[in-house]
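Sequential numbering from 53 applies to the sequence shown in the working numbering.
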Amino acid sequence: MSDGIRASNFIREIVAADSTAGKHGGRVVTRFPPEPNGYLHIGHAKSICLNFGLAAEYAGGVCHLRFDDTNPTTEDPEYVQSIQEDVHWLGFDWGNHRFFASDYFDQLYERAEQLIKNGQAYVDSLSADEMRQYRGTLTEPGKNSPFRERSIAENLDLFQRMRAGEFPDGTHVLRAKIDMASPNINLRDPVLYRIRHAAHYRTARSWPIYPSYDFAHPLSDALEGVTHSVCTLEFEDHRPLYDWVVAQAGTPDRPQQIEFARLNISQTVMSKRKLLELVEGKHVAGWDDPRLPTLKGLRRRGYTPEAIRAFCEHIGVSKRDSVVEMPLLEHFIREDLNRRAARVLAVLRPLKIVLDNYPEHTSEQLEAVNNPEDPQAGTRTIPFSRTLYIERDDFLEAPPKEFFRLAPGREVRLRYAYIIKCVGVTKDPRTGEVTELHCTYDPETKSGGPNAGRKVKATIHWVSAAHAIDAEVRLYNPLLKADLSNVPADEDWTGYLNPDSLERLTGCKVEPSLRGAEIGKRVQFERVGYFCVDPDSIQGRPVFNRTVPLKDAWARIEKRQPAR
Ligand code: ATP
Ligand code: MG
């Protein structure tokens, strides 16, 4: 068993009970079976953590990475590559248990022929429309196809000619002969093979026919000796068919399918089809756009694998579909970064201040704590001088009662530095915009100095104008402006994208210790949020992504007040 503290869940209990009972000879073999037709998202992370996590709890437990690649037109090696990278990044490893459903094409074909020989499968030549009519509905049984009683010899001949590529797409299918009157529609003679003259990224043009998911998936599990086949709830009604196919496979040990609810998160999209639409329609910058819930996007945004794993463990698994609020995911990254991200001073929307009584042409180095949560992280020095930048919204000319920061005649403390007082406001005569503040500083109040204990109501962050580095900062807001659950299927859902999902700020000022910060480095901008260095950074001109803001008490107060 692993050393982490883990809450039990119904899947863990099933596996534990099977293991104790010695079912499957005591083996625990799970699999994560992505189709390589897109990049992985946080929903997949839930499945990865579950499947790899279950296996890791047992001595000798293994989790296979199996590419479920039976659909030639949508799959691509680029996706295989990215999926592998993402599983590794999340912290899991399949060892030498990497498989491809396409490697089983010969075996699947042989088993299909065997089903025909056993009288359990037949070639149907109804059109797709006719097949739909014959299938019946939830309340009415289906009808047998007129081709259902073809002889074994005729079925075998037709199937072999399908395989040889003699027929065009859609002319025939191979179906299991189960029961057209079954109350479970999935058992009404499901399709096992379709004709598709399409090139596959691994098998090229060697196959003009492709197995259906319902045929390939259970057989792949059985062939690999999977013991627990964990999948999402939409496959619950397929379970009798899964069991039927597995029984026909005749493997010594039968895998068991167990379903759980898929992860949905508010304010974002989680279907690969929609994600692909966003990427191809250039609504976002690519699969790793930090606004997306893809693992590449979350990673670029600054999420850590540890935070994602802790989130997945926390949400657990259930049998009921639900939507997890995005702020819960944000809570986990905040917790993780709070422990490890170095603190720095950075000003996103700079307002210049001049300390009238501070000597010109000089500066001093002040000591700053790197991470109050981690004494080992030590301290650094930051330069202080007469001209500084503070955050524009840390100053209000006519402050309301609850505003304790800088205002004319008011004092605040500058983090790690002095108490200052605002003594003058310069404005653009045309626009009335505040362009500069004049302040005085109290030399006695230096942090650690004789009057350091003097109390003022607020401490604000700042950077020294002459020493700061210019940076671009990208702020991310929810991808969607409304929940899609009420959007009619025929309406273009991209109309619900939030036009303000990305805000780019340029001319931001960050402290000089961030010079040369490596791509991916995660920091806390004190009082603002967690940020990480984006790959778009160039020498001397870093770009920071906001991973998640810090909680902002002021924004909450402001929200409660009527607009002024
Ligand atoms: P599609 O978006 O086309 O329905 P998919 O999400 O099922 O595809 P797969 O590549 O087939 O994508 O998924 C691989 C595995 O990840 C499957 O076992 C699937 O059940 C699981 N999975 C996918 N999405 C989620 C999700 N949102 N929550 C939990 N598990 C998921
Ligand atoms: Mg799928």
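The beta-carbon is built from N, C-alpha and C at its ideal position, and this holds for glycine as well.
Item: What is the DSSP secondary structure of residue 573, reduced to helix, strand or coil?; Value: coil
Item: Taking a contact to mean a Cβ-Cβ separation below 8 Å, would you say residue 622 touches residue 468 in this structure?; Value: Any question about residue 622 goes unanswered here, given that the chain covers just 53 to 616.
Item: What are the boundary residues of the beta strand (DSSP E) that residue 139 is part of?; Value: Where residue 139 is concerned, there is no enclosing beta strand (DSSP E), although the alpha helix (DSSP H) it sits in stretches over 129-142.
Item: Measuring straight from C-alpha to C-alpha, what distance separates residue 219 and residue 175?; Value: 12 Å
Item: Do you know whose CA, among 311, 332, 253, lies nearest residue 372's CA?; Value: 311
Item: Going by Cα to Cα distance, which pick from 335, 290, 96, 276 is closest to residue 306?; Value: 276
Item: Less than 8 Å separating the beta-carbons of residue 141 and residue 347?; Value: yes
Item: Leaving out five residues before and five after residue 463 in sequence, what residues of the same chain have Cβ atoms less than 6 Å from its Cβ?; Value: 471, 473, 508
Item: Excluding the five sequence neighbours on either side, which residues of its own chain have a C-beta within less than 8 Å of the C-beta of residue 449, listed in chain order?; Value: 459, 460, 477, 486
Item: Am I right that residue 597 and residue 391 are in contact with their C-beta atoms under 8 Å? What's the rounded C-beta distance?; Value: Contact doesn't hold; Cβ gap of about 20 Å is too wide.
Item: Since residue 259 and residue 157 are thought to touch, with beta carbons under 8 Å apart, how far apart are those beta carbons, to the nearest angstrom?; Value: 6 Å
Item: So which of 393, 394, 369, 363 has the shortest CA-CA distance to residue 379?; Value: 363
Item: What does a CB cutoff of less than 8 Å around residue 287 pick up in its chain, not counting 5 residues either side in sequence?; Value: 294, 309, 311
Item: For residue 179, tell me which candidate among 207, 199, 118, 445 has the shortest Cα-Cα distance.; Value: 199
Item: Just checking residue 322 against ligand 1 - is the residue's beta carbon closer than 7 Å to any of the ligand's heavy atoms?; Value: yes
Item: For a minimum of 4 consecutive residues, which ranges assigned as the alpha helix (DSSP H) are wholly contained in the stretch 336-386?; Value: 347-353, 357-367
Item: Give the straight-line distance between the Cα atoms of residue 234 and residue 190, rounded to the nearest whole angstrom.; Value: 10 Å
Item: Using DSSP bridges, identify the partner residues of residue 582.; Value: 576, 600
Item: Does ligand 1 have even one heavy atom less than 7 Å from the beta-carbon of residue 98?; Value: yes
Item: Cβ atoms of residue 521 and residue 564: under 8 Å apart, would you say?; Value: yes
Item: Assuming the contact rule is C-beta atoms closer than 8 Å, residue 301 and residue 163 should be a hit. Round their C-beta distance to whole Å, please.; Value: 6 Å
Item: Going by other Cβ atoms of all chains shown within 10 Å of its Cβ, with 16 needed for buried, is residue 267 buried or exposed?; Value: buried
Item: Which residues in the same chain as residue 6 place their Cβ atom closer than 7 Å to its Cβ, once the five residues preceding and following it in sequence are excluded?; Value: Given a span of 53 to 616 for the chain in the structure shown, any question on residue 6 remains unanswerable.
Item: For residue 62, count the other beta carbons within 10 Å of its own beta carbon; 16 or more makes it buried, fewer makes it exposed. Which is it?; Value: exposed
Item: For the 8 Å Cβ check, are there 3 or more pairs between the stretch 550-560 and the stretch 485-501?; Value: no
Item: Quick check on residue 290: does DSSP put it in helix, strand or coil?; Value: helix
Item: Return the chain-ordered list of same chain residues with a C-beta closer than 7 Å to the C-beta of residue 553, the five sequence neighbours on each side being excluded.; Value: 343, 528, 529, 530, 531
Item: Quick one: does the C-beta of residue 315 sit closer than 7 Å to a heavy atom of ligand 1?; Value: yes
Item: Can residue 215 and residue 261 be called in contact, C-beta distance under 8 Å?; Value: yes
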